[in-house]
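Asks: The sequence shown runs 16 to 222 under the working numbering.
So that we are looking at the same thing, I have put the structure below in structure tokens.
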Amino acid sequence: TQAGSEVSALLGRIPSAVGYQPTLATDMGELQERITSTKEGSITSMQAVYVPADDLTDPAPATTFAHLDSTVVLSRALSELAIYPAVDPLDSASTILEPRTVGKEHYEVARGVQKILQRYKDLQDIIAILGMEELSDEDKVIVTRARKVQKYLSQPFFVAETFTGTEGKYVSLKDTICGFKAILDGEYDGVPEQEFYMKGTIDEIKK
């Protein structure tokens with residue numbers, strides 16, 4: 016997009032939103048549509064996308080995301096909380112997250128996690144100004160579970176063992192779904208949220 020913008024300026028074209036070339040969508044489409052499956056083979060593309068000022072609505076990343084099946088968005092805010100990998104489950108998305116593809120339970124648990132994290136995000140300003148005491152009993156439960164979900168999203172890396180001194184953990188998809196489902200169902204309401212940080216399977220956490 017940067018090269019296209021510079022070439023467009025040299026050609027004397029009038030820029031569109033945020034200074035990008037007026038042909039941004041067309042240029043991106045021509046590039047992305049070349050990455051496709053044919054009778055002779057296919058290409059799987061993993062693209063690292065720079066997001067200017069962390070603005071996902073910027074025309075460049077927004078146009079790119081429209082062509083991708085899945086997006087994994089890294090969050091500075093989660094990194095500041097030492098949640099690694101710092102993947103934002105609200106901004107990240109996948110076109111195959113639907114019941115007929117991943118199964119009903121997987122879909123419902125994933126959406127449940129997103130729903131509770133979104134509600135927690137909506138309540139953060141109220142919590143910062145008025146405190147937890149001003150929340151309803153229902154919202155207090157939601158916030159408590161959301162914080163546990165957020166901590167449970169962290170995972171020790173095998174490649175980081177040398178630096179952290181913590182053994183890496185591998186968690187299967189089945190165990191991941193079971194873990195988050197248990198948190199959402201309130202099975203771990205009596206467990207402090209810090210117990211969920213950098214754990215593997217949910218069985219490592221004592222109720």
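Think of the CB as a built atom: it goes at the ideal place given N, C-alpha and C, for glycine as much as any other residue.
I need the DSSP call for Gly56, collapsed to helix, strand or coil.
Replies: strand
Asks: Measuring alpha carbon to alpha carbon, tell me which residue in Val88, Ala175, Leu138, Leu25 is nearest Arg162.
Replies: Leu138
Asks: CA-CA distance, Gln209 and Thr216?
Replies: 15 Å
Asks: For the alpha helix (DSSP H) containing Ile157, name the first residue and the last one.
Replies: 152-167
Asks: Please name the residue or residues paired with Ala108 in a DSSP beta bridge.
Replies: Thr86
Asks: Buried or exposed, going by whether 16 or more other CB atoms sit within 10 Å of the CB of Val164?
Replies: buried
Asks: What's the gap between the Cα of Glu176 and the Cα of Gly205?
Replies: Glu176 and Gly205: Cα-Cα distance of roughly 30 Å.
Asks: Within the continuous alpha helix (DSSP H) that includes Lys189, where are the two ends?
Replies: 188-199
Asks: Hey, Met147 and Lys136: beta-carbon distance below 8 Å or not?
Replies: No; because the gap between Cβ atoms is not below 8 Å, this pair is not in contact.
Asks: So, is Gly194 buried or exposed, given that buried needs 16 or more other C-beta atoms within 10 angstroms?
Replies: buried
Asks: Look at the alpha carbon of Ala233 and the alpha carbon of Tyr212, and state the distance between them as a whole number of angstroms.
Replies: In the structure as shown, the chain starts at 16 and stops at 222, and residue 233 therefore has no counterpart that could be examined.
Asks: When the Cα atoms are used, what is the spatial distance from Glu153 to Gln133?
Replies: 15 Å
Asks: What are the boundary residues of the alpha helix (DSSP H) that Tyr135 is part of?
Replies: 119-145
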